[in-house]
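In the UniProt record's numbering, the protein residues as written are 1 to 618.
Here is the structure we will look at, set down as C-alpha cells.
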C-alpha cells in the first residue's frame with residue numbers, strides 16, 4: 001500500500017520528492033517492509049479464516065458427540081455382542097446330542113443285524129444240529145425195526161441238514177466261535193489200528209456200540225443237545241455285552257447333553273442378560289436424576305430430533321419414539337425392567353425344558369426299546385422247548401427198540417421234570433392277536449382212534465405241551481413195565497400203551513412247528529419294535545434340531561436385536577438433553593462425557609472434586 005502526499009499540508013514534501021523507496025517508506029511509517037507486511041490487515045482473508053475456524057470447531061464437537069454416543073452404545077450393548085460366549089455351549093449341546101444319536105442308530109443297526117442275521121443263523125444251526133442228531137437215532141431205530149422208508153427219510157434229512165449246516169450256518173457261527181461252549185466228551189478211538197478189509201454187517205446195538213463216532217452221539221445225548229442249545233447263548237451273550245456298552249455310552253451322552261444345555265442357559269443368563277440389564281439399570285438410575293420438566297419438553301420435539309439423528313446415520317427407528325416417551329415419563333419403564341428380565345428368563349427356561357425333554361425322550365426310547373432281555377429270554381426258552389421236545393421224541397423212539405443207549409428211562413423221566421419243557425408264562429397276545437388263525441395246522445392227519453382229533457390240533461400251545469408231557473409220562477411208564485428184550489418189540493407193540501406212543505409222536509410232530517411259529521412271532525415282534533423305535537428316534541432328533549434352530553433364530557431376532565434396539569434408544573436420550581440440563585446433573589454429564597465409562601457391574605458414579613473425573617464408587 002502506497003502513502004500519498006497532500007499538498008495542503010505545509011510540512012509535506014513536494015510530489016516530485018515523494019518516492020516509494022524502502023528508505024522513504026521506513027522513514028514515513030516507522031516500519032520496515034517485512035514488519036509492515038506482518039502488520040497489514042486483509043478483511044477478506046480475516047473473514048474467511050474466522051469462518052473456517054468456527055466450522056471446524058462445530059464439526060469437531062459433533063464428531064466428539066457422535067463418538068461418545070457410539071462408545072456408550074458399544075459399552076451398554078457389550079454383553080449382547082458376546083456371540084461366542086453363547087454359541088460355544090450351544091455347539092457342545094448339539095455335538096453331544098448328534099453323537100448320542102449316532103450311537104443310537106449304530107445300536108439299532110446292531111440289533112437289526114442280530115435279529116435278522118446272527119440270531120437266524122444260530123437258530124438255523126440249532127435246528128440243523130437237532131435234525132442231524134435225531135435223524136441218526138431214527139436211522140438206528142428204523143434199521144433195527146427193518147423200516148426201510150423211515151431209514152431213507154432219516155438219511156435224507158441228515159444229508160440235507162449237514163449240507164445246510166456246513167454251507168450256511170458255520171460262516172455265521174465263526175464270528176463268536178470263542179464264546180461257543182467247550183465240553184470234552186469221551187470218544188473211544190484205536191490209535192494203533194490198521195484198516196484192512198471190512199465185512200458187511202447189520203447195524204445191531206453191538207455194532208453201533210463198537211463205532212466210536214456214533215456211540216459218542218448216543219452215549220452223550222443230553223450233553224449233545226445241551227451243547228446245541230448253548231449255540232444261542234453265545235450269540236445272545238455277545239449281543240447283551242454290546243447292548244450294555246452302548247447303553248452306558250448313551251447314559252453318559254444324555255448326562256453330558258443336559259449338562260451342556262444347563263451350562264448354555266446359565267452362561268446366557270448370567271453373562272448376557274444379567275449384565276445387560278445391570279447396564280440398563282445403571283443408565284436408568286442416572287436418567288432418573290434429571291428433572292421431569294426438561295424431559296417433558298424434550299418429548300414434544302422428540303420425533304424431530306430422531307429424524308436429525310437418522311440423517312447422520314446413527315438414529316433409531318420410528319417405533320422407538322413411543323418407547324422414548326415411556327422412558328421420559330419417569331419410572332414406568334424402570335419398574336418394568338425386572339418384569340422384562342423375568343419374562344426372558346421364563347422363556348429361556350421353557351425353551352431349555354423343551355430341548356431337554358426331546359433329548360431325554362430320544363435317549364430313553366433307545367435304551368428302553370433295545371432292552372429286550374425279558375423277551376429275548378422268552379425266545380430262547382421257547383427255542384429250548386422245541387429242542388427238548390425233539391429230545392423227548394428221540395428218547396421215546398430209542399426206547400421202543402432194543403437200542404436205548406443214551407436214553408435210559410430215568411433220563412427220559414428227568415426231561416419231563418425239566419422247567420424248560422413245562423409251559424412258561426408267555427403272553428400270546430403280545431405276539432399275535434388271540435383270534436389269529438394258525439399258519440401250521442395238522443402236520444399229520446388226525447387219528448381219532450389214538451386220541452389225536454381235530455380238537456388236539458386247535459388247543460392253545462401251552463395246553464398242547466401240557467398234554468404232550470402227560471402222554472410222555474404214560475409212555476415212559478409203559479416202557480419201564482414192558483421193556484424190549486432181545487430186539488423183540490411185539491410185547492410193547494401189542495400192548496395198550498402203544499397207542500399212547502403213537503399219540504406222543506403225533507403230538508410232538510404237531511408241537512414242534514407250532515413252537516417254531518411262536519418263535520418267529522416273538523422274533524418278528526422284537527425286530528418290529530427295533531424298527532419302529534429307530535424311526536421314532538430319528539423323528540425326535542429332527543424335531544430337536546428344528547426346535548433348536550427356531551429357538552436360536554427367535555432369540556436372535558426377537559431377543560437380542562430387540563434389546564439392542566432398546567439400548568440404542570435408551571442411550572440416545574442423554575444426548576437429546578440440553579447442555580444446561582446436563583450441567584445440572586453432574587453424574588449424568590460425567591457419564592456422557594466419559595462415553596459410557598463404567599466399572600464391572602457398578603454404575604454408581606460420582607465426580608471427583610479435585611480432578612473433575614468420573615470414577616466408580618465401590
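Ideal placement from N, C-alpha and C gives every residue a C-beta, glycine not left out.
Straight-line Cα distance separating residue j from residue i
| i | j | result |
| --- | --- | --- |
| residue 539 | residue 241 | 27 Å |
| residue 160 | residue 363 | 46 Å |
| residue 565 | residue 558 | 10 Å |
| residue 155 | residue 111 | 37 Å |
| residue 533 | residue 113 | 15 Å |
| residue 65 | residue 574 | 11 Å |
| residue 529 | residue 118 | 18 Å |
| residue 87 | residue 549 | 12 Å |
| residue 223 | residue 383 | 17 Å |
| residue 255 | residue 115 | 29 Å |
| residue 452 | residue 503 | 6 Å |
| residue 531 | residue 541 | 16 Å |
| residue 454 | residue 465 | 16 Å |
| residue 61 | residue 545 | 51 Å |
| residue 91 | residue 379 | 43 Å |
| residue 392 | residue 229 | 15 Å |
| residue 246 | residue 100 | 10 Å |
| residue 555 | residue 83 | 12 Å |
| residue 262 | residue 272 | 15 Å |
| residue 80 | residue 553 | 15 Å |
| residue 276 | residue 349 | 18 Å |
| residue 140 | residue 387 | 20 Å |
| residue 72 | residue 253 | 43 Å |
Three-state secondary structure assigned by DSSP to residue i
| i | result |
| --- | --- |
| residue 447 | strand |
| residue 457 | coil |
| residue 138 | helix |
| residue 494 | coil |
| residue 78 | helix |
| residue 463 | helix |
| residue 89 | helix |
| residue 578 | coil |
| residue 290 | coil |
| residue 371 | coil |
| residue 61 | helix |
| residue 481 | helix |
| residue 569 | helix |
| residue 469 | helix |
| residue 585 | coil |
Nonlocal neighbours in the same chain, by C-beta distance under 6 Å from residue i, ignoring five residues either side
| i | result |
| --- | --- |
| residue 567 | 76 and 77 |
| residue 551 | 351 |
| residue 138 | 154 |
| residue 478 | 497 |
| residue 394 | 134 and 137 |
| residue 166 | none |
| residue 375 | 526 |
| residue 372 | 526 |
| residue 499 | 450 |
| residue 341 | 277 |
For residue i, the residue or residues it bridges with in DSSP
| i | result |
| --- | --- |
| residue 501 | BP columns for residue 501 are empty, so no partner. |
| residue 452 | 447 |
Contacts around residue i, its chain only, beta-carbon distance under 7 Å, and the 5 residues preceding and following it disregarded
| i | result |
| --- | --- |
| residue 390 | 130, 134 and 512 |
| residue 249 | 103 |
| residue 536 | 365 |
| residue 547 | 354, 355 and 358 |
| residue 423 | Its pLDDT being 47, under 50, residue 423 is placed unreliably in this model, and the coordinates cannot settle the point. |
| residue 169 | 121, 124, 125 and 128 |
| residue 235 | 118, 119, 122 and 176 |
Cβ shell of residue i (< 8 Å), same chain only, five flanking positions each side left out
| i | result |
| --- | --- |
| residue 251 | 363 and 367 |
Legend entry - Inside the stretch 145 to 179 only - alpha helix (DSSP H) runs reaching at least 4 residues: 148 to 164 and 170 to 173
Legend entry - Residue ranges of each alpha helix (DSSP H) within the stretch 251 to 291, 4 or longer: 275 to 287
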